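Undergrad:
Numbering (the numbering used here), first residue to last: 418 to 664.
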């Protein structure tokens, strides 16, 4: 039997409070499928979805999902199903899921699919249990099919960060992987055997010591730099050494 989602209390985040901001260049741009009449124009919406989901501003060709792109261009699937497919793709699996822990995946999933940060640690724990029991695909379905997603983005809007009024966007400050994956790579790099190889390499490096030449300052004569003083009452004449024409 599947474990139900644990209860948690939402906190007063920006997206839960009505604001009075004047739209400016920092306001999120909304990509809606109805705004694009031709399939060629949908490319802009597709790239917005890649930026939101993958947090990558340049997507390599073999990471692109041509089948999903073709379906959303032909209106065969909705934008919501396109987002669902990108989040479940093998490219997302290799770039994001395999390089992060469950807590980190909860943070990334909420930011990229619902456009908000986790409310608190209780919500991170609740959703991490959902990932552990239902897998990543079940977690994605729970978010995309949630009432919060439907009321915020509906069927045809690419998710975006809701009510960002300061700091940088989520997809600019959340890298692909956190310290967890970096530490894991370091542990794999310095596995048993590689340390002994490193020690052998370090021992083989020859170090040349620097010899210092002592300096004897006893015979060094310091020049007299004192200035002679002129007795009082003796006039001092200064003759110019060169004359310059006056214009």
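Virtual Cβ for every residue (Gly too), placed ideally from N, Cα, C.
For clarity, every value in this text was computed on a predicted model and none was experimentally measured.
#1: Would you mind sorting residue 629 into buried or exposed? The rule is 16 or more other CB atoms within 10 Å of its CB.
#2: CB residue 557 to CB residue 501, shorter than 8 Å?
#3: Of the residues 601, 570, 482, which one's Cα is nearest the Cα of residue 449?
#4: What's the gap between the Cα of residue 598 and the Cα of residue 549?
#5: Regarding residue 522 and the ligand ZN, is the C-beta to nearest heavy atom distance less than 7 Å?
#6: Within 8 Å, do at least three Cβ pairs link the region 513-533 to the region 478-496?
#7: Give the secondary structure of residue 447 by DSSP, where H, G and I count as helix, E and B as strand, and everything else as coil.
#8: Using DSSP with H/G/I as helix, E/B as strand and the rest coil, what is residue 476?
#9: Residue 575 and residue 466 look like a contact to me (Cβ under 8 Å); what is the Cβ gap, rounded to whole Å?
#10: Between which two residues does the alpha helix (DSSP H) holding residue 556 run?
#11: In whole angstroms, what separates the C-alpha of residue 619 from that of residue 499?
#12: To the nearest angstrom, how far is it from the Cα of residue 544 to the Cα of residue 453?
#13: Report buried or exposed for residue 362, applying the criterion of at least 16 other Cβ atoms within 10 angstroms of its Cβ.
#14: Can you tell which of 483, 566, 632, 425 has its C-alpha closest to the C-alpha of residue 527?
#15: My output table needs one value for residue 752: the three-state DSSP class, helix, strand or coil.
#16: Residue 475: buried (16+ other C-beta within 10 angstroms of its C-beta) or exposed?
#17: Excluding five sequence neighbours on each side, which residues of the same chain lie with their C-beta closer than 7 Å to the C-beta of residue 451?
#18: Pick from 487, 537, 512: whose alpha carbon is nearest that of residue 477?
TA: If we stick to the structure as given:
#1: On the chain shown, position 212 is the one that residue 629 refers to. Exposed: under 16 other Cβ atoms inside 10 Å.
#2: Against the chain shown, residue 557 aligns to sequence position 140. Against the chain shown, residue 501 aligns to sequence position 84. Yes; because the gap between Cβ atoms is below 8 Å, this pair is in contact.
#3: Here the question's residue 449 lines up with position 32 in the chain shown. Comparing Cα positions, the closest option is 570.
#4: In the chain shown, the residue the question calls residue 598 occupies position 181. In the chain shown, the residue the question calls residue 549 occupies position 132. One C-alpha to the other measures close to 18 Å.
#5: Absence of the ligand ZN is noted for the structure shown, with no ligands found whatsoever.
#6: no
#7: As a working note, residue 447 is residue 30 in the chain shown. For residue 447, the three-state secondary structure derived from DSSP is coil.
#8: Numbered from its first residue, the chain shown carries residue 476 at position 59. Reduced to three states, the DSSP call for residue 476 is coil.
#9: The residue labelled residue 575 in the question sits at position 158 within the chain shown. The residue labelled residue 466 in the question sits at position 49 within the chain shown. Between residue 575 and residue 466 the beta-carbon gap is near 5 Å, inside 8 Å, which marks them as a contact.
#10: In the chain shown, residue 556 corresponds to position 139, counting from 1. Per DSSP, residue 556 belongs to the alpha helix (DSSP H) from 538-561.
#11: In the chain shown, residue 619 corresponds to position 202, counting from 1. In the chain shown, residue 499 corresponds to position 82, counting from 1. Rounded to whole angstroms, residue 619 to residue 499 spans 53 Å at the Cα level.
#12: As a first step, residue 544 is located in the chain shown; it is residue number 127 there, counting from the start. As a first step, residue 453 is located in the chain shown; it is residue number 36 there, counting from the start. A direct Cα-to-Cα measurement between residue 544 and residue 453 gives close to 35 Å.
#13: There is simply no residue 362 to check, as the chain begins at 418 and stops at 664 in what is shown.
#14: Along the chain shown, read from residue 1 onward, the residue named residue 527 stands at position 110. Cα-wise, what sits closest to residue 527 is 566.
#15: Here the chain comprises residues numbered 418 to 664, so residue 752 is not present and cannot be evaluated.
#16: Sequence index remark: in the chain shown, residue 475 carries index 58 (1-based). Residue 475 comes out exposed.
#17: Working through the chain shown from its first residue, we reach residue 451 at position 34. Cβ-Cβ distances below 7 Å link residue 451 to 573 in the same chain, with the five nearest sequence neighbours on each side left out; the list follows chain order.
#18: Looking up residue 477 in the chain shown gives position 60. Checking every option, the nearest Cα to that of residue 477 belongs to 512.
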